[in-house]
DNA sequence: GGTTCGTTTATTGTATACAGTGCGCGTACC
DNA sequence: GGTACGCGCACTGTATACAATAAACGAACC
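Protein chains in written order, with my numbering: chain S, 1 to 227; chain Y, 228 to 454.
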């Protein structure tokens, strides 16, 4: 033991060192702008213009664009120019089929690893969902619920893969809401019992059961799809 | 039609516009160094030092490190310092379980989309494998084979997910070879017929058949694993 | 002697400056 | 009128310079 400074109240847990960098903020803000539709498909993302709008230099913007490319929100052409990616309905089909595979895998993994904390969190989230009457809010809670399941899997490559499609799912959701899509009101009544059943099967510890429950959950989502 | 320049020999297909940038080269070279073990686990990746070694400035290096983080080869600590990620055996277990899910999905997708070109390429690759007597070379050809299958799926999110684990697979392979691992010579005799069977089932157009063939292929790989 | 405080140093984060490049537009020439 | 050439503009790619911060070391004080 080299340094023996005073032991510092052990309960006190400070903010988790959020690596606050302009580049990180830029990622968040540009991502949000794309999801909200503030930046439209095919819009040219000129580094100078973005930098000016964000009040920073081009460097953080460049780094942000690289990350957003990985999330599938931004595209670079052969000359290095970036633009907001234009999603076709087929693109979303692909994203959701990817989601299907990832979540089924997550269910399988989670079945063996679910902790008491996970269960408590998930139950609390279901209660929150039950209290909601707004479809937009519900869909956000739903994504958060699935986020939490992925987190519960404690499986790094899975989490990384999930992050490559998460934003695209949000793009679709936001777009669907703006378009007053066909998401039915009945969804509210379906979501909560669906999640309860899913959680029950995840808790069973039975991988097959968990997988199948997730397949069912994904199938109900499937109906909300564009085409 | 705005400009009507002369029609330029249609067969002539130039190099695919490889976006040659120092940043891109840096990604390639640092990745290679990590895979080959030239940069060892936990090694600090100082931007200045890397820049000096590569003969460029820090900017391309920074951008390269961001990309390599997404490939799982590089880690950043809370203060922004990067280092070569240290893989545990559990990490590799996770990577290969992820690979399993992705490839099974790929098989399912490919079953419906395989073209004549795909088949020709894959067959040619199998022949190449059959001609090889070197285990290291064979494992590279094997990865290339699976790469080609992913490509044949023509499924963007799948390809992106695959790229998040591909380098890590290569790390494991290179490490295993350096350690004179338990990869058996019999692998050579097993690989080629295995791939032939797999290709046959991918061509069948039957999703279930294709999935199961891939599960089998993955299971044989499984034996080469560390633990 | 050990602890604490300043100073130095190493390294990242950000800004700015500069170089290179393709594209559009105008112009001249046929 | 159309085609080819050349110039300028709008961007990106890269380098360099500067600011900020935390670790490392050392010195002074108890």
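By construction, the Cβ of each residue, glycine as well, lies at the ideal position given by its N, Cα and C atoms. For clarity, every value in this text was computed on a predicted model and none was experimentally measured.
task: Could you tell me which chain S residues have their CB closer than 8 Å to the CB of residue 293 (chain Y), listed as they occur along the chain?
output: The contacting residues are 63, 66 and 67.
message: For residue 311 (chain Y) and residue 156 (chain S), I'd like the C-alpha separation in whole angstroms.
response: Their Cα atoms are separated by approximately 16 Å.
task: Drop a sphere of 10 angstroms on the beta-carbon of residue 297 (chain Y), count the other beta-carbons inside from all chains shown, and report buried for 16 or more, exposed for fewer.
output: So residue 297 (chain Y) counts as buried.
message: Would residue 239 (chain Y) pass as an interface residue toward chain S - the criterion being a Cβ-Cβ separation below 8 Å?
response: Low per-residue confidence applies at residue 239 (chain Y): pLDDT is 36, beneath 50, and the placement is therefore not dependable, though the value from the model is reported in the following sentence. Not an interface residue.
- request: Work out the CA separation of residue 119 (chain S) and residue 202 (chain S) for me, nearest whole Å.
  value: Whole-angstrom Cα-Cα distance: 9 Å.
field: residue 284 (chain Y) in three-state terms, based on DSSP
entry: In this structure, residue 284 (chain Y) counts as coil in the three-state DSSP scheme.
message: So for residue 12 (chain S), helix, strand or coil by DSSP?
response: Note on residue 12 (chain S): pLDDT 35, under 50, position unreliable in the model; the coordinate value appears next. Note: residue 12 (chain S) maps to coil in three-state DSSP.
- request: Would you verify that the beta carbon of residue 105 (chain S) is, or is not, closer than 8 Å to some beta carbon of chain Y?
  value: Yes, residue 105 (chain S) counts as interfacial toward chain Y.
query: Can the beta-carbon of residue 363 (chain Y) be found closer than 8 Å to that of residue 404 (chain Y)?
result: Contact flag set, yes.
Helix, strand or coil at residue 314 (chain Y) [DSSP, three-state]: In the structure shown, residue 314 (chain Y) sits in coil (DSSP, three-state: anything other than H, G, I, E or B).
query: How would you write the range of the alpha helix (DSSP H) that residue 364 (chain Y) sits in, first residue to last?
result: Element bounds for residue 364 (chain Y): 362-380.
query: Does residue 230 (chain S) come within less than 8 Å of chain Y when only Cβ atoms are used?
result: With chain S represented from 1 up to 227, any question about residue 230 (chain S) goes unanswered, as that position is not in the structure.
Status (buried if at least 16 other CB within 10 Å, exposed otherwise) for residue 101 (chain S): Looking at its Cβ environment, which holds 16 or more other Cβ atoms inside 10 Å, residue 101 (chain S) is buried.
message: Just to confirm, is the Cβ distance from residue 82 (chain S) to residue 54 (chain S) under 8 Å?
response: Against a cut-off of 8 Å, the Cβ pair of residue 54 (chain S) and residue 82 (chain S) comes out as no contact.
query: So residue 75 (chain S) is in the beta strand (DSSP E); what residue range does that whole segment cover?
result: Annotation for residue 75 (chain S): the continuous beta strand (DSSP E) segment containing it runs 74-76.
message: Using a Cβ-Cβ cutoff of 8 Å, what residues of the stretch 140-169 of chain S are near chain Y? List them in chain order.
response: Taking a C-beta cut-off of 8 Å against chain Y, the contacting residues of the stretch 140-169 of chain S are 155, 156, 157, 158, 160, 161, 164, 165 and 168, listed in chain order.
task: Taking only the alpha-carbon atoms, compute the straight-line gap between residue 242 (chain Y) and residue 255 (chain Y) and give it to the nearest angstrom.
output: Any reading at residue 242 (chain Y) must be qualified, since the residue scores a pLDDT of 37, below 50, and its modelled position is unreliable; no value is offered.
message: Any beta carbon of chain Y sitting closer than 8 Å to that of residue 101 (chain S)?
response: Closer than 8 Å: yes.
- prompt: Is any beta-carbon of chain S found at less than 8 Å from that of residue 437 (chain Y)?
  reply: Contact with chain S is absent for residue 437 (chain Y), since none of that chain's Cβ atoms lies less than 8 Å from the residue's Cβ.
- request: Below 8 Å between beta carbons is the criterion; list the residues of the stretch 187-211 of chain S that meet it against any residue of chain Y, in chain order.
  value: So nothing in the stretch comes that close.
field: Bridge partner(s) assigned by DSSP for residue 309 (chain Y)
entry: The beta-bridge partner set that DSSP reports for residue 309 (chain Y) consists of Y:303.
- prompt: How many angstroms separate the CA atom of residue 174 (chain S) from the CA atom of residue 26 (chain S)?
  reply: The straight-line gap from Cα to Cα measures roughly 20 Å.
- prompt: Going by beta carbon distance, what residues of the same chain come within less than 8 Å of residue 59 (chain S), once the five residues before and after it are set aside?
  reply: Cβ within range, chain order: 23.
message: Given a cut-off of 8 Å on the beta-carbon distance, is the pair residue 148 (chain S) and residue 114 (chain S) in contact?
response: For residue 148 (chain S) and residue 114 (chain S), no; Cβs fall outside 8 Å.
query: Of all the CB atoms in chain Y, is at least one closer than 8 Å to the CB of residue 72 (chain S)?
result: Residue 72 (chain S) belongs to the set of residues whose beta carbon lies under 8 Å from a beta carbon in chain Y.
query: Roughly how many whole angstroms lie between the Cα atoms of residue 166 (chain S) and residue 57 (chain S)?
result: Each residue's Cα considered, the two are about 28 Å apart.
query: Start and end of the alpha helix (DSSP H) containing residue 251 (chain Y)?
result: Unbroken alpha helix (DSSP H) run through residue 251 (chain Y): 249-263.
- request: Kindly indicate if chain S contains any beta-carbon less than 8 Å away from that of residue 343 (chain Y).
  value: Judged by the 8 Å Cβ criterion, residue 343 (chain Y) is not in contact with chain S.
query: Leaving out the 5 sequence neighbours to the left and right, which residues in its chain are closer than 6 Å to residue 72 (chain S) when beta-carbon positions are compared?
result: Closer than 6 Å at the Cβ level, and outside the excluded window around residue 72 (chain S), lie 168.
Cutoff 8 Å: residue 229 (chain Y) Cβ touching any chain S Cβ: Confidence at residue 229 (chain Y) is low in this model, with a pLDDT of 34, below 50, so the placement of that residue should be treated as unreliable; the coordinate-derived value is given next. Contact with chain S is absent for residue 229 (chain Y), since none of that chain's Cβ atoms lies less than 8 Å from the residue's Cβ.
Where residue 94 (chain S) meets chain Y, residues with beta-carbon distance less than 8 Å: Residues of chain Y passing the Cβ test: 382, 383, 384 and 385.
message: To the nearest angstrom, how far is the alpha carbon of residue 257 (chain Y) from that of residue 288 (chain Y)?
response: Each residue's Cα considered, the two are about 9 Å apart.
Between the CA atoms of residue 162 (chain S) and residue 99 (chain S) - distance to the nearest angstrom: Straight-line measurement puts the Cα of residue 162 (chain S) at about 7 Å from the Cα of residue 99 (chain S).
task: Please report how far the alpha carbon of residue 269 (chain Y) lies from the alpha carbon of residue 313 (chain Y), in whole angstroms.
output: Residue 269 (chain Y) and residue 313 (chain Y): Cα-Cα distance of roughly 6 Å.
field: Top-ranked residue by Cα proximity to residue 141 (chain S), from S:96, S:187 and S:108
entry: Comparing Cα-Cα distances from residue 141 (chain S) to each of S:96, S:187 and S:108, the minimum goes to S:187.
- prompt: Between which two residues does the alpha helix (DSSP H) containing residue 122 (chain S) stretch?
  reply: 116-130 is the span of the alpha helix (DSSP H), which, as asked, contains residue 122 (chain S).
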